[in-house]
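Residues in the sequence shown are numbered consecutively from -19, following my numbering. Don't be surprised by glycine CBs; every beta carbon is placed ideally from N, CA and C. Quick caveat: nothing in here was measured; it's all calculated off a predicted structure. I have placed the structure first, in the form of structure tokens, so that the comments after it can refer back to it.
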Amino acid sequence: MTNAVIGATGRVGRLVVRGLLDDKRPVIAMVRDAARARELFGPDGHLDTGLLTIRPVSLDRPAEVRAALDGAGTVFTAMGSAGLEGNLQRAVIQVAATLPVEQFVRLSVLNTSATSLGINQRAHWDIDFAAEVAGLPYATIRPAIF
């Protein structure tokens, strides 16, 4: 199964990509900056294995997201939850819900609810709610510390 990683060049996303590639699992790295992705994943030979596909995409363009997710069975996103990044995650969820995605996995935080005191926790709850309403099979990872 091919795994799409949104935020593939970020702190967490790059570790997810490398872990999947080390396990010989195919990865679609969805990125803003393809040159940065080639810089991160090229030196250790992952670009030469045929397991890594780098797809530059603007997450605010549903047609681009749909094309970039082509062939992905799972989608992992490591993005912020508030402001633009939160809105982009919801946009990706809407597109992914129309595709044969088997699992959508997102990175979150502890103590999320609609009534959480922190704006970040409420924003993460909003994104979970969007995935649930969209009918997308999803899992949320809530690490205690980053």
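Legend entry - Own chain, CB closer than 8 Å to GLY53, minus 5 neighbours either side, in chain order: MET(-19), THR(-18), ASN(-17), PRO80, VAL81, GLU82, GLN83
Legend entry - Contacting residues, own chain, Cβ-Cβ under 8 Å from SER93 (five flanking each side not counted): Here the set comprises GLN101, ARG102, TRP105.
Inset, instruction - Would you mind working out which of ALA124, GLN74, ALA110 sits nearest PRO42, comparing C-alpha positions? - result: GLN74
Inset, instruction - List the endpoints of the continuous beta strand (DSSP E) containing ALA119. - result: 118 to 121 is the extent of the beta strand (DSSP E) around ALA119.
Legend entry - C-alpha distance - ALA111 paired with GLY(-1), whole-angstrom precision: 25 Å
Legend entry - Test: THR95 CB closer than 8 Å to a CB of chain C: You won't find chain C in this structure, because it holds only one protein chain.
Inset, instruction - Kindly list the residues whose CB is nearer than 7 Å to the CB of ARG(-6), restricted to its own chain and excluding five residues on each side of it in sequence; keep chain order. - result: If we look at ARG(-6) and ignore the five residues flanking it on each side, its Cβ neighbours are ALA(-12), LEU20.
Inset, instruction - Just tell me which of ARG86, GLY63, GLN69 has its CA closest to the CA of SER144. - result: As shown, the chain starts at -19 and ends at 126. That puts residue 144 outside it, with no answer to give.
Legend entry - Proximity below 8 Å, CB of VAL85 to CB of VAL55: yes
Inset, instruction - Kindly list the residues whose CB is nearer than 7 Å to the CB of ALA15, restricted to its own chain and excluding five residues on each side of it in sequence; keep chain order. - result: None.
Legend entry - Candidates LEU32, LEU31, ALA58, ARG12, of which the one nearest VAL(-8) by Cα: ALA58
Inset, instruction - Given a cut-off of 8 Å, decide if ILE8 and ARG18 are closer than it, judged by their beta-carbon atoms. - result: Between ARG18 and ILE8, the C-beta gap is not smaller than 8 Å, which leaves the two residues out of contact.
Legend entry - DSSP beta-bridge partners of MET10: Answer is ILE(-14), ARG35, bridged to MET10.
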